[in-house]
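A.B. asks:
Protein chains: 2
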Amino acid sequence: MARLKILREFTQGRHKHADCVTTALSVAEACCQQEGQRLTPLRKRVLQLVWNSHAPVKAYQILDVIRHEKSGAAPPTVYRALDFLQEQGLVHKIESLNAYVGCGAPGHVGSGQLLICRDCGEVAEMDDQEVLELLAAKSRDVGFEITSPTIEIKGRCARCRSKHG
Amino acid sequence: MARLKILREFTQGRHKHADCVTTALSVAEACCQQEGQRLTPLRKRVLQLVWNSHAPVKAYQILDVIRHEKSGAAPPTVYRALDFLQEQGLVHKIESLNAYVGCGAPGHVGSGQLLICRDCGEVAEMDDQEVLELLAAKSRDVGFEITSPTIEIKGRCARCRSKHG
DNA sequence: AATGTAATGTTATAATGTAACATTCGTTCT
DNA sequence: AGAACGAATGTTACATTATAACATTACATT
Chain A
32 MARLKILREF TQGRHKHADC VTTALSVAEA CCQQEGQRLT PLRKRVLQLV WNSHAPVKAY
92 QILDVIRHEK SGAAPPTVYR ALDFLQEQGL VHKIESLNAY VGCGAPGHVG SGQLLICRDC
152 GEVAEMDDQE VLELLAAKSR DVGFEITSPT IEIKGRCARC RSKHG
Chain B
32 MARLKILREF TQGRHKHADC VTTALSVAEA CCQQEGQRLT PLRKRVLQLV WNSHAPVKAY
92 QILDVIRHEK SGAAPPTVYR ALDFLQEQGL VHKIESLNAY VGCGAPGHVG SGQLLICRDC
152 GEVAEMDDQE VLELLAAKSR DVGFEITSPT IEIKGRCARC RSKHG
């Protein structure tokens with residue numbers, strides 16, 4: 032089973048979450064630097080709020096926080112930051128939940144496979160070439176050329192399975 | 032490339048679309064009959080409206096039509112019908128578009144792979160066991176057990192590719 | 001400092017979806 | 001036939017998600 036990359040793992044029990052956030056932010060800094068993009072304080076703050084949870088975060092949850100920090104924050108404040116972060120591949124939108132998660136490996140826009148645990152709500156991300164290639168091959172059989180697949184898989188993570196049967 | 036089933040094809044050029052609709056409706060009749068479910072006139076009409084296009088249809092587009100036919104139609108009128116149709120596997124929701132398409136092979140809830148053409152907007156549906164099995168295997172490697180995958184693939188259909196390069 | 005673009009602020013509204021309760025319709029039982 | 005029950009629909013109100021459009025501010029370059 033080569034080529035299975037994990038971009039974002041489930042937290043198996045406790046972990047030092049501050050580290051996830053710190054890492055994500057410094058990776059983001061580096062990534063934007065490289066691309067000549069500006070990770071402004073607002074964008075950085077939104078990214079931090081997305082990373083504050085291993086479960087998907089909703090735009091209006093972020094807005095609620097930002098409102099307490101900046102008077103005059105409004106939906107576009109948050110959506111624009113999220114759009115930017117998505118373009119940079121720093122966050123993914125989970126379409127089936129209208130919510131957002133941080134991406135563990137930016138530069139890497141919208142191709143991973145998101146694993147969403149129905150019990151604990153956490154989201155992991157795989158990036159598997161075999162899956163993409165198989166999908167591409169099957170699509171080609173129908174004459175279809177893939178530009179961007181959205182793969183969101185609901186199920187149960189290892190920890191929840193071992194916990195309640 | 033065994034096991035690749037096509038549940039819903041792209042329309043390659045013209046076709047007698049009335050036939051798609053007629054077939055879908057009678058399949059639905061049979062399917063509900065079998066399951067002891069009631070395909071009421073309202074539900075049937077909504078299904079028909081979903082099938083009227085090979086492109087995804089929005090809930091409020093359906094509502095606009097229904098409003099002209101029944102005074103007092105409101106969002107729940109449509110959403111309830113759509114919920115029922117989804118439960119029966121007669122339509123799929125495309126999460127990334129907030130829109131609906133008819134399913135070519137009911138009884139078959141939420142497992143196909145939707146192919147969405149960025150140019151013409153049409154949607155086809157594959158149901159490929161290999162893809163599902165590969166995803167299941169890869170997920171298992173991470174300890175994850177799939178309950179329901181959402182696979183929505185954007186790209187270009189054969190016809191649009193041959194038409195504009 | 002002057003200019004131009006990117007980012008953010010601000011107001012308003014559009015688009016999507018659901019909660020909660022009332023009424024009607026169909027079936028079954030007597 | 002009539003009563004009684006649950007399923008389906010009607011109805012009102014509102015919650016959630018997202019964008020348009022225009023004004024202002026911040027930043028980089030000249």
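Respectively, the protein sequence lines represent chains A and B.
If you read the first sequence in this note's numbering, its first letter stands for residue 32, the second for the next number, and so on.
If you read the second sequence in this note's numbering, its first letter stands for residue 32, the second for the next number, and so on.
For glycine and all other residues, C-beta sits at the position ideal for the given N, C-alpha and C.
Please say whether F175(B) and L128(A) have beta carbons closer to each other than 7 Å?
C.D. replies: Result no, Cβ atoms of L128(A) and F175(B) do not sit closer than 7 Å.
A.B. asks: Please list the residues of the segment 149-171 of chain A that have a C-beta atom closer than 7 Å to any C-beta atom in chain B, keeping them in chain order.
C.D. replies: Those residues of the segment 149-171 of chain A that come within reach of chain B (Cβ to Cβ, closer than 7 Å) are R149, A155, M157, D159, E161, V162, L165, L166, K169 and S170.
A.B. asks: Name the DSSP beta bridge partners of L94(B), please?
C.D. replies: None, per the DSSP bridge assignment.
A.B. asks: Between which two residues does the alpha helix (DSSP H) harbouring V162(A) extend?
C.D. replies: That run of the alpha helix (DSSP H) goes Q160 to D172.
A.B. asks: Taking C-alpha atoms, which residue in C63(A), E100(A), H85(A) and K47(A) lies nearest to D150(A)?
C.D. replies: It is H85(A).
A.B. asks: Within the 7 Å Cβ cut-off, does C188(A) reach chain B?
C.D. replies: With 7 Å as the cut-off, C188(A) counts as an interface residue toward chain B.
A.B. asks: Once DSSP output is grouped into helix, strand and coil, what is the label at C63(A)?
C.D. replies: Helix, per DSSP.
A.B. asks: Taking P107(B) as part of the alpha helix (DSSP H), name the residues at either end of that continuous run.
C.D. replies: Note, P107(B): alpha helix (DSSP H), P106 to E118.
A.B. asks: Taking the alpha-carbon of T53(A) as reference, which of V81(A), R34(A), R69(A) and Q144(A) has the nearest alpha-carbon?
C.D. replies: When each option's Cα is compared against that of T53(A), the closest is V81(A).
A.B. asks: To the nearest angstrom, how far is it from the Cα of A168(B) to the Cα of G103(B)?
C.D. replies: Roughly 49 Å between the two C-alpha positions.
A.B. asks: Looking at the C-beta of S142(B), does it have a partner C-beta in chain A at a distance below 7 Å?
C.D. replies: Taking Cβ atoms only, chain A never reaches closer than 7 Å to S142(B), which makes this a no.
A.B. asks: Report yes or no: do three or more beta-carbon pairs, one from the segment 110-118 of chain B and one from the segment 174-190 of chain A, lie closer than 8 Å?
C.D. replies: No, the segment 110-118 of chain B is not in contact with the segment 174-190 of chain A.
A.B. asks: Does the Cβ-Cβ distance between R192(B) and Q43(B) come in under 7 Å?
C.D. replies: Not closer than 7 Å, so no.
A.B. asks: I believe Q119(B) touches C63(B) by the beta-carbon criterion, under 8 Å. Please report the beta-carbon distance rounded to the nearest angstrom.
C.D. replies: Between C63(B) and Q119(B) the Cβ distance is about 6 Å, and since that is below 8 Å, they are a contact.
A.B. asks: Put E40(B) into one of helix, strand or coil per three-state DSSP.
C.D. replies: Three-state result, E40(B): coil.
A.B. asks: Grouping DSSP H, G and I as helix and E and B as strand, with all else coil, what is P180(B)?
C.D. replies: In the structure shown, P180(B) sits in a strand (DSSP, three-state: E or B).
A.B. asks: What three-state label does DSSP hand L56(B) in the structure shown?
C.D. replies: In the structure shown, L56(B) sits in a helix (DSSP, three-state: H, G or I).
A.B. asks: Which chain A residues are close to R192(B), counting only those with a beta carbon under 7 Å from its beta carbon?
C.D. replies: The contacting residues are E176.
A.B. asks: Start and end of the beta strand (DSSP E) containing L128(A)?
C.D. replies: From DSSP, L128(A) is part of no beta strand (DSSP E); its letter is neither H nor E.
A.B. asks: Assuming Q144(B) is part of the beta strand (DSSP E), what are its boundary residues?
C.D. replies: It spans Q144 to C148 - the beta strand (DSSP E) in which Q144(B) sits, taken as one unbroken run.
A.B. asks: Quick one: what's got a C-beta closer than 6 Å to K36(B)'s C-beta in the same chain, skipping five residues either side?
C.D. replies: Closer than 6 Å at Cβ, skipping near neighbours: D158.
A.B. asks: What does V173(B) touch in chain A if you count any residue whose Cβ is under 9 Å from its own?
C.D. replies: Correct list: L35, I37, E40, F41, L146, A155, M157, C188 and A189.
A.B. asks: Kindly indicate which residue of V109(A), Q144(A), G67(A) and H195(A) has the alpha-carbon position closest to the one of E126(A).
C.D. replies: Taking only the C-alpha atoms, the option nearest E126(A) is Q144(A).
A.B. asks: Here's the rule: buried if 16 or more other CB atoms are within 10 angstroms of the residue's CB, otherwise exposed. What is K124(B)?
C.D. replies: Under this definition K124(B) is a buried residue.
A.B. asks: Note down, in chain order, each residue of its chain lying with its Cβ closer than 8 Å to the Cβ of C134(A), except the 5 sequence neighbours on either side.
C.D. replies: Closer than 8 Å at Cβ, skipping near neighbours: L38, R39, G120, L121, V122, H123, G143 and E156.
A.B. asks: Could you check whether the Cβ of S57(A) sits closer than 7 Å to any Cβ belonging to chain B?
C.D. replies: It does not: the Cβ of S57(A) has no partner Cβ on chain B nearer than 7 Å.
A.B. asks: State the start and end residues of the unbroken alpha helix (DSSP H) segment that holds L80(A).
C.D. replies: From DSSP, the alpha helix (DSSP H) with L80(A) extends over P72 to W82.
A.B. asks: Compute the Euclidean distance between the alpha carbons of D95(A) and R69(B), then round it to the nearest angstrom.
C.D. replies: Cα to Cα, D95(A) sits roughly 44 Å from R69(B).
A.B. asks: Compare the C-beta of S102(A) with all C-beta atoms of chain B and state if any pair is closer than 7 Å.
C.D. replies: Chain B contact via Cβ: absent.
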